[in-house]
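If you're matching positions, the sequence shown starts at 1 in UniProt numbering and goes up one per residue. From the three backbone atoms N, C-alpha and C, an ideal C-beta is built for every residue, glycine too. Owing to the predicted nature of the structure, the values given are computational and were not obtained by experimental measurement. In what follows, a structure is listed as structure tokens, so that the remarks can point back to it.
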Amino acid sequence: MDSAGDILKALLIRNDLIEKGNNYSSLFKGWAGIVGPPLMDHSRIIDIKKGSLLVEVDHPGWLQILHFKKRLFLKKLKGRYPELDIKDLHIKVNLNFSVLFFFLTFPV
Numbered sequence: 001m002d003s004a005g006d007i008l009k010a011l012l013i014r015n016d017l018i019e020k021g022n023n024y025s026s027l028f029k030g031w032a033g034i035v036g037p038p039l040m041d042h043s044r045i046i047d048i049k050k051g052s053l054l055v056e057v058d059h060p061g062w063l064q065i066l067h068f069k070k071r072l073f074l075k076k077l078k079g080r081y082p083e084l085d086i087k088d089l090h091i092k093v094n095l096n097f098s099v100l101f102f103f104l105t106f107p108v
């Protein structure tokens, strides 16, 4: 009789979920390499939905810069992560993002 772990692993492999999870993880870790400094310190990936990468920035100015360079970043994303089939970037401002980032980086 197979263990629950073996059954789960077989299910994940059959549905290609392990590889998809690795691709998503690689994208989240590689975001800084896509946008570079200083944008990497003021933006983060939130999710991927229906071919759109959802990105959050900490100030409207960074939203403008990210929007201005959108084509370049999409080209990089498609080149590095073709299996994710990213077609668009959706960007939103979260003014609490920088404060939260600061406290996560430098705990009090």
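Original post:
From residue 65 to residue 51, what does the alpha carbon distance come to, in whole angstroms?
Top reply: When rounded, the distance between both Cα atoms is 21 angstroms.
Subject >> Boundaries of the beta strand (DSSP E) in which residue 49 is found, first to last residue >> reply: Residue 49 -> beta strand (DSSP E) spans 43 to 49.
Original post:
Taking C-alpha atoms, which residue in 36, 86, 70 lies nearest to residue 23?
Top reply: That would be 86, whose Cα lies nearest to the Cα of residue 23.
**OP:** Check residue 6 in the structure and name its three-state DSSP category.
**Re:** Residue state for residue 6 is assigned as helix, using DSSP reduced to three classes.
Original post:
With distances taken between CB atoms, is the gap from residue 78 to residue 34 smaller than 7 angstroms?
Top reply: The Cβ atoms of residue 78 and residue 34 do not sit closer than 7 angstroms to each other.
Subject >> Residue interval of the beta strand (DSSP E) (run including residue 54) >> reply: 52 to 57 is the span of the beta strand (DSSP E), which, as asked, contains residue 54.
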